[in-house]
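Participant: Submitted below is the structure of interest, expressed as structure tokens.
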Amino acid sequence: MLHVLTHDILPVFSMLALGFVLGRLGKVSFDEARTVNRVAFIVLQPALIFPLMATLSIAQFELRTMALYALCQAVLFIIGYLVARHVFKRDHLEAWLLGMAVIFVNSLLYILPISVLIYGEGGATLPITAIVAWDTAFSFAFFIITTDVMAGGTSAIASAKRVALNPVLLAIVIGIAVNVSGMGVPTPLLTAMHFAGPAAAPLTLFALGVILSGHSVIPSPTVAGISALKLIGFPALVFGALSVFPTQSDQWHTLYVLGAAGPSGAMAFSLAMIHGIRTDAIAPVIIWTSILSLFSLAVLA
């Protein structure tokens with residue numbers, strides 16, 4: 047466990063921590079971090095995910111496992127929302143995004159590189175990329191559209207159009223289309239993406255650390271409760287579901303539980319910032335789940 051923590055997990059976490067420290071020291075500004083994050087989102091993340099989707103053996107996706115994971119997400123989201131709304135007395139939209147923080151994991155930029163370091167490219171890529179594809183194409187779209195509509199900022203159609211132009215989602219859709227059609231990807235294009243793509247995770251995590259550094263890390267009861275649902279409730283439910291309905295491969299079981307145990311993704315925080323929703327609980331949830339998941343991931347791996 048200690049070797050996995052020091053050699054595979056902490057090196058990935060270090061970029062988030064470095065961004066947080068430099069942000070607190072005032073060495074990197076919020077605006078600079080947002081610029082870095084935007085470049086990574088528009089250019090580097092698509093370059094990372096397109097080759098994955100274009101070259102994966104999609105026929106080997108365990109659809110039942112993916113469906114069970116999605117069902118667990120739905121159940122824990124409802125529980126997370128109800129707890130935030132009725133136990134911690136949070137406003138509707140904030141509770142909605144806190145529920146999202148329970149089930150939306152930083153899978154592409156955090157769990158995937160950690161899994162590759164632990165299990166290697168062949169062992170980790172397929173199951174975790176399946177989670178990335180599901181979360182980006184469906185969970186991501188669902189929360190953007192519903193939050194936009196409930197916040198009164200735009201219509202469902204306008205939100206759907208915005209989602210359809212998302213660079214990461216486009217990379218997934220085009221990558222799957224290329225994969226299914228059997229079209230080959232020109233080698234120079236793949237080389238360029240393999241050159242640019244690896245920079246996506248460290249730059250995005252660094253920028254996220256800077257952005258989160260401006261928020262308090264003091265854990266309130268809300269932060270503690272939502273973080274517990276994320277780090278204990280979600281992986282426990284996924285483990286239970288996959289134990290009752292076993293996966294075809296032990297690797298899928300291991301990596302789906304590992305994925306569920308990962309830290310909250312930053313999308314809930316981003317949506318809160320866009321719509322002027324309170325972030326005094328959402329931001330610390332991301333920070334604390336990122337810190338505490340260091341140990342849970344090491345144990346589960």
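So the sequence shown is residues 47 to 347, counted in this note's numbering.
Every residue, glycine too, gets a C-beta built ideally from N, C-alpha and C.
1) Ignoring anything shorter than 4 residues or poking outside the segment 266-313, list the alpha helix (DSSP H) runs there in chain order.
2) Hey, would you say Leu-211 sits closer than 8 Å to Ala-183, going by beta carbons?
3) Using a Cβ-Cβ distance under 8 Å, would Glu-167 count as near chain D?
4) In chain order, which alpha helix (DSSP H) runs of at least 4 residues are fully inside the segment 176-243?
5) Can you give, in chain order, each stretch of the alpha helix (DSSP H) that sits fully within the segment 61-86 and has at least 4 residues?
6) What's the C-alpha gap between Ser-266 and Arg-70?
7) Is DSSP giving Val-263 helix, strand or coil here?
8) Pair every Cβ in the segment 49-58 with every Cβ in the segment 140-160, then say whether three or more of these pairs are closer than 8 Å.
9) Within the same chain, show all residues whose beta-carbon is closer than 8 Å to that of Ile-124, passing over the 5 residues directly before and after it, in chain order.
10) At the level of alpha carbons, what is the spacing between Arg-131 and Ala-79?
11) Output the distance between the C-alpha atoms of Thr-81 and Ser-75, rounded to the nearest integer angstrom.
12) With a 10 Å radius around its C-beta and 16 neighbouring C-beta atoms as the bar for buried, classify Leu-254 as buried or exposed.
13) On the DSSP letters alone, give me the boundaries of the alpha helix (DSSP H) that Leu-51 sits inside.
14) Between the C-alpha atoms of Leu-64 and Ile-323, what's the straight-line distance to the nearest angstrom?
15) For the segment 326-345 and the segment 267-279, state whether three or more C-beta atom pairs, one from each stretch, are separated by less than 8 Å.
16) Taking a contact to mean a Cβ-Cβ separation below 8 Å, would you say Ile-95 touches Ile-218 in this structure?
17) Can you list, in chain order, the residues of its chain with a C-beta nearer than 8 Å to that of Phe-107? Leave out the 5 residues immediately preceding and following it.
18) Given a cut-off of 8 Å on the beta-carbon distance, is the pair Gly-308 and Val-151 in contact?
19) Taking the beta carbon of Ser-66 as the centre, do at least 16 other beta carbons fall within 10 Å, making it buried, or is it exposed?
20) Does the pairing of the segment 101-121 with the segment 289-303 give three or more beta-carbon distances under 8 Å?
Facilitator: Taking the structure as given:
1) 267-274, 280-290 and 296-306
2) Numbered from 1 along the sequence shown, position 165 holds the residue referred to as residue 211. Numbered from 1 along the sequence shown, position 137 holds the residue referred to as residue 183. Taking 8 Å as the Cβ cut-off, Leu-211 and Ala-183 do not qualify as a contacting pair.
3) Here chain D cannot be found, since the structure has a single protein chain.
4) 186-197, 202-210, 213-227 and 233-242
5) 76-85
6) Translated into the one-based positions of the sequence shown, residue 266 becomes position 220. Translated into the one-based positions of the sequence shown, residue 70 becomes position 24. When rounded, the distance between both Cα atoms is 21 Å.
7) The residue given as residue 263 occupies position 217 in the sequence shown. Coil.
8) yes
9) What you label residue 124 is simply residue 78 of the sequence shown in a count that begins at 1. Cβ within range, chain order: Gly-145.
10) In the sequence shown, counting from the first residue as 1, residue 131 sits at position 85. In the sequence shown, counting from the first residue as 1, residue 79 sits at position 33. Approximately 32 Å between the Cα atoms of the pair.
11) Residue mapping note: residue 81 aligns to position 35 of the sequence shown, counting from 1. Residue mapping note: residue 75 aligns to position 29 of the sequence shown, counting from 1. Rounded to whole angstroms, Thr-81 to Ser-75 spans 10 Å at the Cα level.
12) Stepping through the sequence shown from its first residue, residue 254 is reached at position 208. So Leu-254 counts as buried.
13) Your numbering for residue 51 matches position 5 in the sequence shown. Run containing Leu-51: none; DSSP gives neither H nor E here.
14) For the purposes of this step, residue 64 is identified with residue 18 of the sequence shown, where counting begins at 1. For the purposes of this step, residue 323 is identified with residue 277 of the sequence shown, where counting begins at 1. Roughly 27 Å separates the two Cα atoms.
15) yes
16) Position 49 of the sequence shown, counted from the start, is the residue given in the question as residue 95. Position 172 of the sequence shown, counted from the start, is the residue given in the question as residue 218. Result yes, Cβ atoms of Ile-95 and Ile-218 sit closer than 8 Å.
17) Residue numbering aside, residue 107 sits at position 61 when the sequence shown is read from its first letter. Answer for Phe-107: Leu-172 and Ala-176, listed in chain order.
18) The sequence position of residue 308 within the sequence shown is 262, counting from 1. The sequence position of residue 151 within the sequence shown is 105, counting from 1. Result yes, Cβ atoms of Gly-308 and Val-151 sit closer than 8 Å.
19) Numbered from its first residue, the sequence shown carries residue 66 at position 20. Reading off the sequence shown, one finds Phe at residue 66, where the question assumed Ser. Label assigned to Phe-66: buried.
20) yes
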